[in-house]
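Chemist: What follows is a structure written as structure tokens; I'll ask about it next.
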Amino acid sequence: MTTVWKRALTLALACVMLLGIPGAVAENPRAAEIDELLSAQTDTSLMAAPLLEPVQKGLQSVVSVAVFLGEPAGKEYTLMDEMDGVASGTVVSPWGHVLTNSHVVQNGYFFAIYWDGKFTTAYLMEDDPDNDLAMLYAPGLKLPHAEIGNSDSLRIGDWAIVIGSPASHYFDRSVTIGVISGLNREIEGLPQEDAYGLDLTSTQLMIQTDAAINPGMSGGGLFNSLGQLVGVPALKIYELGDEQENPEAKKNDNPIDNVGLCVPIKSALPLIRRVLEAYDGLDVPPTPPEVQEFEGPSFGVMLYEIEPNFPPRENRSVPRGLLIEKVEKDSPAAKAGIKQGDILVEIDGNIIAGYDDLERVMPSLSAENPAMMKVYRVRGIMDIYFGMSKETYLQRSEYLDVVVNFE
63 MTTVWKRALT
73 LALACVMLLG
83 IPGAVAENPR
93 AAEIDELLSA
103 QTDTSLMAAP
113 LLEPVQKGLQ
123 SVVSVAVFLG
133 EPAGKEYTLM
143 DEMDGVASGT
153 VVSPWGHVLT
163 NSHVVQNGYF
173 FAIYWDGKFT
183 TAYLMEDDPD
193 NDLAMLYAPG
203 LKLPHAEIGN
213 SDSLRIGDWA
223 IVIGSPASHY
233 FDRSVTIGVI
243 SGLNREIEGL
253 PQEDAYGLDL
263 TSTQLMIQTD
273 AAINPGMSGG
283 GLFNSLGQLV
293 GVPALKIYEL
303 GDEQENPEAK
313 KNDNPIDNVG
323 LCVPIKSALP
333 LIRRVLEAYD
343 GLDVPPTPPE
353 VQEFEGPSFG
363 VMLYEIEPNF
373 PPRENRSVPR
383 GLLIEKVEKD
393 SPAAKAGIKQ
403 GDILVEIDGN
413 IIAGYDDLER
423 VMPSLSAENP
433 AMMKVYRVRG
443 IMDIYFGMSK
453 ETYLQRSEYL
463 DVVVNFE
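Residue numbering for the sequence shown follows my numbering, beginning at 63 and increasing consecutively.
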């Protein structure tokens with residue numbers, strides 16, 4: 063040990079010894095003043111909290127929505143750890159109906175509602191991708207429902223309260239505060255699919271707010287200063303021309319902050335009304351009976367199941383379904399007007415996404431009853447199918463309803 067270190071150590075020890083000697087250190091003359099500074103109490107009755115009541119009112123009705131892409135295999139206590147995604151929802155009825163975004167439930171197989179450390183199974187009652195809205199039903203969910211307000215009465219500068227579950231259900235019912243920054247913002251929504259898998263592009267008039275809308279808060283609630291539900295948080299703009307909720311990590315040269323967009327509650331009223339009027343009080347929606355698989359009547363076509371890696375399907379410019387590769391002459395399909403290149407997407411109200419769906423439907427078909435079929439007709443698909451075209455994107459076309467009479 064060097065002389066310098068020895069001296070430093072000796073000095074340090076001396077200080078310790080000195081502190082231990084009674085009366086060596088005089089009482090701090092400012093001790094009472096310091097105690098007073100550090101013992102201040104907060105009288106909450108005097109605090110200015112203009113939004114405390116509406117926040118507490120809104121908090122009661124907001125829940126987390128757990129999304130599973132497949133049926134969960136774990137036990138109850140691990141259920142929330144198995145989820146593939148988490149978002150938010152708002153209770154809008156005394157019977158357990160939850161309003162959320164369509165893009166939250168898209169591709170979901172199983173849903174659960176989480177609140178206060180509890181969870182319950184939820185069922186998708188109706189999806190409205192045009193307005194980016196959906197309704198879930200959670201039997202036994204006994205939470206106060208939100209009071210629905212009038213989104214048309216909002217003014218720029220009004221208080222905006224956003225409640226949701228950013229990033230994880232561990233942060234459920236997080237609150238952010240801002241103002242209404244803009245009204246009737248014309249925004250192209252997130253990519254959506256129709257019931258058959260075809261890409262849908264829609265434009266919505268949305269409410270803009272600077273209250274933070276983070277990933278996971280989609281489907282939650284936008285509340286006014288009365289605690290009324292006036293919108294559904296849906297999007298956050300990260301950069302110009304980039305309306306999305308959770309973009310991939312990338313360098314952003316032109317970042318935009320505090321631009322969140324919400325679907326006006328006015329757009330949700332028709333959906334809410336339809337679902338509530340159809341509610342019959344059953345705890346669990348009825349499960350359709352299974353159909354025994356066996357061969358049914360032929361309608362004279364050769365079919366090819368469109369694979370996910372088929373180029374026009376990869377970019378969703380064609381729907382899921384069965385591509386009609388060949389139509390036999392004078393067959394029921396030919397007489398109904400079905401053509402080569404049509405994509406069969408529905409039979410008698412049953413969506414046909416592949417061979418398995420067709421096998422389930424065929425037993426219900428008979429020569430005595432005509433079948434209502436829906437096909438998607440688009441130009442150029444057979445050229446891609448036979449490898450004569452390198453195009454990958456097909457222009458939007460139309461669905462056709464046809465009646466097939468079996469022989």
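A virtual CB, placed ideally from N, CA and C, is assigned to each residue, including glycine.
On a Cα-Cα basis, can you pick out the residue from D445, D419, E95 and L297 that is closest to E408?
Modeler: The residue with the shortest Cα to Cα distance from E408 is D419.
Chemist: Please report the straight-line C-alpha distance between S227 and N431, rounded to a whole angstrom.
Modeler: When rounded, the distance between both Cα atoms is 50 Å.
Chemist: Mind the definition here: the segment 233 to 242 touches the segment 274 to 283 only if three or more C-beta pairs lie below 8 Å; say whether that holds.
Modeler: Flag = yes, the segment 233 to 242 and the segment 274 to 283 touch.
Chemist: The alpha helix (DSSP H) with M279 in it runs from where to where?
Modeler: Run containing M279: none; DSSP gives neither H nor E here.
Chemist: Between the Cα of L384 and those of V237, I334, N467 and Y447, spot the shortest distance and give me the residue it belongs to.
Modeler: If we check each option's Cα against that of L384, Y447 comes out closest.
Chemist: Just how far apart, CA to CA, sit Q266 and L99?
Modeler: Taking the straight line from one Cα to the other gives about 55 Å.
Chemist: Would the segment 160 to 170 count as touching the segment 279 to 286 if we require 3 or more Cβ pairs under 8 Å?
Modeler: Output reads yes: the segment 279 to 286 touches the segment 160 to 170.
Chemist: Considering only the beta carbon of each residue, do A395 and V363 sit closer than 8 Å?
Modeler: Yes, the pair counts as a contact, with Cβ atoms nearer than the cut-off.
Chemist: Which of the three DSSP states is assigned to P374 in this structure?
Modeler: DSSP places P374 in helix when its eight states are reduced to three.
Chemist: Look up V117 in the DSSP assignment and say whether it is helix, strand or coil.
Modeler: In this structure, V117 counts as helix in the three-state DSSP scheme.
Chemist: Tell me F233's beta-bridge partners as DSSP assigns them.
Modeler: Paired residues: none, contrary to the question.
Chemist: Report the CB separation of V154 from I334 in whole angstroms; it is logged as a contact under 8 Å.
Modeler: Confirmed, Cβ separation roughly 6 Å.
Chemist: Mind reading off the beta-carbon distance from V129 to G158? Whole number of angstroms is fine, and I expect it under 8 Å.
Modeler: Wrong, their Cβ atoms sit about 18 Å apart, outside the cutoff.
Chemist: Exposed or buried, what is R458 when buried is set at 16 or more other beta-carbons lying within 10 Å of its beta-carbon?
Modeler: The residue is exposed, with fewer than 16 neighbouring Cβ atoms inside 10 Å.
Chemist: Taking DSSP's pairing of strands, which residues face W177 in a bridge?
Modeler: W177 is bridged to K180.
Chemist: When the Cα atoms are used, what is the spatial distance from A296 to S150?
Modeler: A296 and S150: Cα-Cα distance of roughly 10 Å.
Chemist: Considering only the beta carbon of each residue, do V380 and I405 sit closer than 8 Å?
Modeler: Yes; because the gap between Cβ atoms is below 8 Å, this pair is in contact.
Chemist: For V124, which three-state DSSP category applies?
Modeler: Looking at V124 - three-state DSSP - the assignment turns out to be strand.
Chemist: At a cut-off of 7 Å, would you count A429 as near the ligand HEM, judging by its Cβ distance to the nearest heavy atom?
Modeler: Only the bare structure without any ligand can be found here, which leaves the ligand HEM out of the picture.
Chemist: Applying the criterion that 16 or more other CB atoms from any shown protein chain within 10 Å of the CB defines a buried residue, is D189 buried or exposed?
Modeler: Answer is buried; the Cβ neighbour count reaches 16.
Chemist: Can you tell me which residues form a DSSP beta bridge with T271?
Modeler: Beta-bridge pairing links T271 to I242 and G322.
Chemist: Nearest CA to the CA of H207: which residue from Q118, L114 and R247?
Modeler: Comparing Cα-Cα distances from H207 to each of Q118, L114 and R247, the minimum goes to Q118.
Chemist: Quick one: is I327 buried, meaning 16 or more other Cβ sit within 10 Å of its Cβ, or exposed?
Modeler: Buried, because 16 or more other Cβ atoms sit within 10 Å of the Cβ of I327.
Chemist: Please report how far the alpha carbon of K212 lies from the alpha carbon of V294, in whole angstroms.
Modeler: Contrary to the premise, residue 212 reads as Asn rather than Lys in this sequence. Roughly 13 Å between the two C-alpha positions.
Chemist: Helix, strand or coil for L331 per DSSP?
Modeler: Note: L331 maps to helix in three-state DSSP.
Chemist: Name, in chain order, the residues that DSSP records as bridge partners for F172.
Modeler: In DSSP, F172 forms a bridge with F130.
Chemist: Determine the direct distance from the alpha carbon of Y300 to that of I175, and round the result to whole angstroms.
Modeler: Looking at the two C-alpha atoms, the distance is approximately 28 Å.
Chemist: CB R375 to CB E369, shorter than 8 Å?
Modeler: Their beta carbons are under 8 Å apart, which means R375 touches E369 by this criterion.
Chemist: S360: which of L186, P425 and A111 sits nearest, CA to CA?
Modeler: Considering only alpha carbons, the answer is P425.
Chemist: Out of L114, L323 and E421, state which residue places its alpha-carbon closest to the alpha-carbon of K298.
Modeler: K298 has its Cα closest to that of L323, out of L114, L323 and E421.
Chemist: Going by DSSP, what residue range makes up the alpha helix (DSSP H) through L420?
Modeler: Note, L420: alpha helix (DSSP H), Y417 to V423.
Chemist: Kindly list the residues whose CB is nearer than 6 Å to the CB of S329, restricted to its own chain and excluding five residues on each side of it in sequence; keep chain order.
Modeler: Closer than 6 Å at the Cβ level, and outside the excluded window around S329, lie N193.
Chemist: Here's a check: name, in chain order, each residue in its chain whose Cβ is nearer than 6 Å to the Cβ of L331, leaving out the five neighbours to either side.
Modeler: Taken in chain order, the list of residues that qualify is empty.
Chemist: Where DSSP assigns a beta bridge to D190, which residues make up the other side?
Modeler: In DSSP, D190 forms a bridge with L195.
Chemist: Buried or exposed: where does N246 fall if 16 or more other Cβ atoms within 10 Å of its Cβ makes it buried?
Modeler: With fewer than 16 other Cβ atoms within 10 Å, it is exposed.
Chemist: Since E460 sits in a beta bridge, which residues does DSSP pair it with?
Modeler: DSSP output for E460 lists R439 as bridge partner(s).
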